[in-house]
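Colleague:
In my numbering, the protein residues as written are 159 to 470.
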């Protein structure tokens with residue numbers, strides 16, 4: 159395999175160079191989301207370079223960071239707006255109590271009045287409930303070429319078939335997993351999607367089901383727990399979005415190898431009137447370094463997870 163550090167940035171695609179990297183356990187960790195509609199082009203640093211007034215950009219970034227809320231810019235594919243009004247979504251992705259709500263703002267300063275501390279704790283702001291999931295596809299080519307090259311065909315296809323649910327969005331973490339999609343309110347991250355597999359994810363999401371083989375992870379969970387859930391979903395043939403209930407996570411402990419740590423994760427699985435507890439042992443080791451972005455020749459370390467499933 160060609161060393162990614164030796165491939166020139168003008169033709170290198172990070173998502174191709176990272177095809178050997180493990181998908182499960184790669185999702186960015188976030189449970190609270192603020193989505194802000196912004197039509198027009200996006201900059202590399204989307205919020206900081208958005209069309210919002212400077213004091214709103216700065217204030218929102220500081221407040222969101224302090225609260226632990228992830229801010230995503232969104233827009234409809236192929237549409238522009240002639241009004242100053244813009245849609246906002248607030249989402250909370252905790253398993254078993256996920257929710258999504260929305261409103262339309264006329265003035266950008268209204269963003270600064272949102273209770274982001276409450277959002278981070280799972281408290282609703284009393285906005286209009288959203289009864290359908292959202293399909294958010296990263297397409298910000300100014301952040302990384304793969305996001306545009308692999309994300310735009312996906313969002314074009316999904317927008318044609320699911321116009322209400324589909325939005326373009328900014329960086330979701332991990333350009334190298336493009337085409338990348340996040341579904342809300344449950345916070346399920348998917349990667350390496352093409353048009354066909356994205357349509358499958360969309361259809362299953364709208365039916366309240368998961369596609370474990372394409373999952374990067376549930377964003378409310380830390381990476382070892384993401385990997386554990388995906389492995390157990392696949393082993394049990396479970397696809398219900400809340401089919402597994404997280405019961406317990408032990409702190410990571412040093413494994414036999416000095417470079418490895420082991421976590422123990424317990425899930426409750428209810429099906430056909432019976433309940434089974436599964437203990438999943440996850441060993442985390444360093445993976446091969448990869449180039450995380452098409453335009454940056456620097457490499458970054460990765461993680462690999464080995465999973466063993468038992469009963470408790």
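Every residue, glycine too, gets a C-beta built ideally from N, C-alpha and C.
1. Keeping to the same chain, check which residues put their C-beta closer than 7 Å to that of residue 299; ignore five residues upstream and five downstream.
2. Compute the beta-carbon to beta-carbon distance between residue 328 and residue 317, rounded to the nearest angstrom, for a pair I have assumed lies under 8 Å.
3. Which of helix, strand or coil does DSSP assign to residue 171?
4. Decide if residue 361 is buried, meaning its Cβ has at least 16 other Cβ atoms within 10 Å, or exposed.
5. Can you grab the Cα-Cα spacing for the pair residue 391 / residue 424, in whole Å?
6. Applying the 10 Å Cβ sphere with the 16-neighbour rule, what's the burial state of residue 196?
7. Residues in its own chain within less than 8 Å of residue 161 by CB, not counting five upstream and five downstream?
8. Judging by CA-CA distance, which residue of 396, 439 and 400 is the nearest neighbour of residue 406?
9. What did DSSP end up calling residue 181 once you bin it into helix, strand or coil?
10. Spatial neighbours of residue 180 within its chain, please: C-beta separation below 7 Å, excluding the five flanking residues on both sides.
11. Please classify residue 255 as buried or exposed, where buried requires at least 16 neighbouring CB atoms within 10 angstroms.
12. So for residue 405, helix, strand or coil by DSSP?
13. For the alpha helix (DSSP H) that residue 270 lies in, which residues bound it at each end?
14. Could you spell out the range, first to last residue, of the alpha helix (DSSP H) harbouring residue 381?
15. Check residue 358 in the structure and name its three-state DSSP category.
16. Where does residue 311 sit, in a helix, a strand or coil, going by DSSP?
17. Assuming residue 259 contacts residue 286 under a Cβ cut-off of 8 Å, what Cβ separation, rounded to an integer in Å, is found between them?
18. In terms of DSSP beta bridges, what is residue 287 paired with?
19. Thinking residue 253 and residue 351 are a contact (beta carbons under 8 Å), I'd like their distance in whole angstroms, please.
20. Suppose the cutoff is 7 Å on Cβ atoms and the five residues either side in sequence are ignored; what does the same chain contact list for residue 163 look like?
21. Tell me the DSSP bridge mates of residue 458?
Modeller: So, from the listed chains and residues:
1. So the list reads 305 and 306, once near-sequence residues are dropped.
2. Not really, about 17 Å apart at Cβ, beyond 8 Å.
3. Coil at residue 171, not helix or strand.
4. Under a 10 Å Cβ-count criterion, residue 361 is classified as exposed, with fewer than 16 other Cβ atoms of the shown protein chains found around its own Cβ.
5. When rounded, the separation of the alpha-carbon atoms in residue 391 and residue 424 is 13 Å.
6. Result: buried.
7. Residue placement at residue 161 is poorly supported in this model, since its pLDDT is 37, which falls under 50; the coordinates are not used for a value here.
8. Of 396, 439 and 400, the residue nearest in Cα terms is 439.
9. Correct three-state label for residue 181: coil.
10. Cβ neighbours of residue 180 within its own chain (closer than 7 Å, five residues either side excluded): 445, 462 and 463.
11. Exposed is the call here.
12. If DSSP states are grouped into helix, strand and coil, residue 405 belongs with the strands.
13. No alpha helix (DSSP H) contains residue 270, which DSSP labels as neither H nor E.
14. Taken as a continuous stretch (DSSP letters only), the alpha helix (DSSP H) holding residue 381 covers 381-394.
15. In this structure, DSSP gives residue 358 a helical state, which the three-state scheme calls helix.
16. Under the three-state reduction of DSSP, residue 311 is assigned to helix.
17. Contact annotation, residue 259 with residue 286: C-beta distance approximately 6 Å; criterion of less than 8 Å satisfied.
18. Per DSSP, 259.
19. About 23 Å separates the beta carbon of residue 253 from that of residue 351, a gap too long to meet the 8 Å contact definition.
20. The pLDDT assigned to residue 163 is 35, lower than 50, so where the model puts this residue is not dependable; a value taken from the coordinates is nonetheless given after this. Within the same chain, 449, 455 and 457 come within 7 Å of residue 163 by CB-CB distance, once the 5 residues on both sides are set aside.
21. Under the DSSP definition of a beta bridge, residue 458 partners with 448.
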